Amino acid sequence: MKKFIILLVLIFMSCAPSMVTAKKNKAPDWVMNPQSKYKDAYYLSAVGSGDTKKSAEKDAYSNLSKIFQADIKSDETLTQKFEETTVGDKTSLTAEEKMRNLTQIQSEQTLKNVKIGDSYFDPNSGEYYVIAYLNRSETEDIYHSEIMQNTQKIDQYYSQYEGGTSKLDKLKYLSNAIELAEQNEILNAQLRIISPSHAGIELKQPLEKLVAERNTFAKTIHVIVIGSGKYNDYLEDYLKEVFNNFGFMVYASAADADYIDFRIESSLSISKIDLDRDEKFVRWELSITILDKVSNAEAVLYTKSDREGHLNLTEAQNRALRTVKTTIQKDFFKFFANKYLS
1122 MKKFIILLVL
1132 IFMSCAPSMV
1142 TAKKNKAPDW
1152 VMNPQSKYKD
1162 AYYLSAVGSG
1172 DTKKSAEKDA
1182 YSNLSKIFQA
1192 DIKSDETLTQ
1202 KFEETTVGDK
1212 TSLTAEEKMR
1222 NLTQIQSEQT
1232 LKNVKIGDSY
1242 FDPNSGEYYV
1252 IAYLNRSETE
1262 DIYHSEIMQN
1272 TQKIDQYYSQ
1282 YEGGTSKLDK
1292 LKYLSNAIEL
1302 AEQNEILNAQ
1312 LRIISPSHAG
1322 IELKQPLEKL
1332 VAERNTFAKT
1342 IHVIVIGSGK
1352 YNDYLEDYLK
1362 EVFNNFGFMV
1372 YASAADADYI
1382 DFRIESSLSI
1392 SKIDLDRDEK
1402 FVRWELSITI
1412 LDKVSNAEAV
1422 LYTKSDREGH
1432 LNLTEAQNRA
1442 LRTVKTTIQK
1452 DFFKFFANKY
1462 LS
């Protein structure tokens, strides 16, 4: 009997450490229910997991962002970016304007005042768990302050636009104001989630108003596009699309316009080259001259060249034309925007 009792004691002692370890490694309640740690009335919180603590923190931040994506009303808004868009022959929207879903914008926006709380490592799965949170009241003050700062800057840019004399400067001031107004739209949307009782801050210069004003003003900038040589029709079509996308009024002849702000002259050569290979190759050389009549500045030259190949010469030439089109629509577009509109 005595031996039996000793045996039971030994068995119990051998099991005791594992029981302690299991209890010690029990996942905290917040892993499954973050609100148990940070009450929803005062905080927004989310849990993330990963095979490293850093990846778990990133996942927690992402999951916190999803609260905003899920709760934001899906609105469409106009954004201002120097990017290629395709609008055909329409000139009602500038090229850097895109209709975007507010939820998409929100998901790309960095949240403010997010903090990392407790972490937990599960030895069974090898996973790390981290909780991210933000204090509603504290964060509301941060957002309110930034929106007001942006609003002041928007008012300054708008005043500069109204008092400006240079068309390009006026366009820059409006574009700067639009960029800040877009930020305010995002911040306001986030603020309404952080503080549900808050209707957001009424903006003196709403984004839609600024974009509409920019559209109207952009049409006062007149551009004439002139191509020369064998490929003049292609060049004029490609360049007209670029300036239509900027929202400018584009003309094929000076006689059609009351005045000209920019004269765009272009030429393209495509010539056969011998690389001693079975394929046929051509070299293309593009030249675009920008004459700024707005400020009477010196002419600006844009040049690009490259080669294309194919099994037959005609298709190699067609490839060259497609590449030139892409070059004008993307690279020249950015070149002009950075030179005159930034």
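Heads up: the sequence shown begins at 1122 in my numbering, then just goes up one per residue.
Here a beta-carbon is modelled for each residue, glycine too, at the ideal position from N, C-alpha and C.
The structure presented is a predicted model; accordingly, all values stated were derived computationally and were not measured.
- The closest CA to that of phenylalanine 1364, considering only Leu1331, Thr1272, Ala1458, Ser1408, is found on Ala1458.
- Serine 1166 carries a strand assignment under DSSP once its states are collapsed to helix, strand and coil.
- Taking the C-beta atoms as reference points, leucine 1389 is found nearer than 8 angstroms to tryptophan 1405.
- Taking 3 residues as the minimum length, the beta strand (DSSP E) runs contained wholly in the region 1348-1400 are 1370-1372, 1383-1394, in order along the chain.
- Glutamate 1406 sits in a strand when the DSSP states are folded into three classes.
- Ranked by how close their Cα comes to the Cα of phenylalanine 1242, the residues Gly1169, Lys1291, Tyr1182 have Gly1169 in first place.
- For glycine 1321, the CB contacts under 8 angstroms within the same chain, skipping 5 residues up- and downstream, are Asn1309, Ala1310, Leu1312, Arg1313 in chain order.
- Leucine 1328 is positioned such that its CB atom lies closer than 8 angstroms to that of glutamate 1306.
- DSSP places glycine 1284 in the uninterrupted alpha helix (DSSP H) bounded by 1257-1284.
- Within the same chain, Cβ atoms closer than 7 angstroms to the Cβ of tyrosine 1254 are found at Tyr1159, Tyr1164, Leu1165, Ser1166, Lys1236, Gly1238, the five residues on either side in sequence being excluded.
- Counted as a single uninterrupted DSSP element, the alpha helix (DSSP H) harbouring glutamate 1303 occupies residues 1288-1315.
- Isoleucine 1394 places its beta carbon 8 angstroms or farther from that of phenylalanine 1383.
- Residue Ser1426 holds the alpha-carbon nearest to the alpha-carbon of isoleucine 1391 among Ser1426, Ile1263, Ala1418.
- Leucine 1301 is a Cβ neighbour of lysine 1274, given a cutoff of 8 angstroms.
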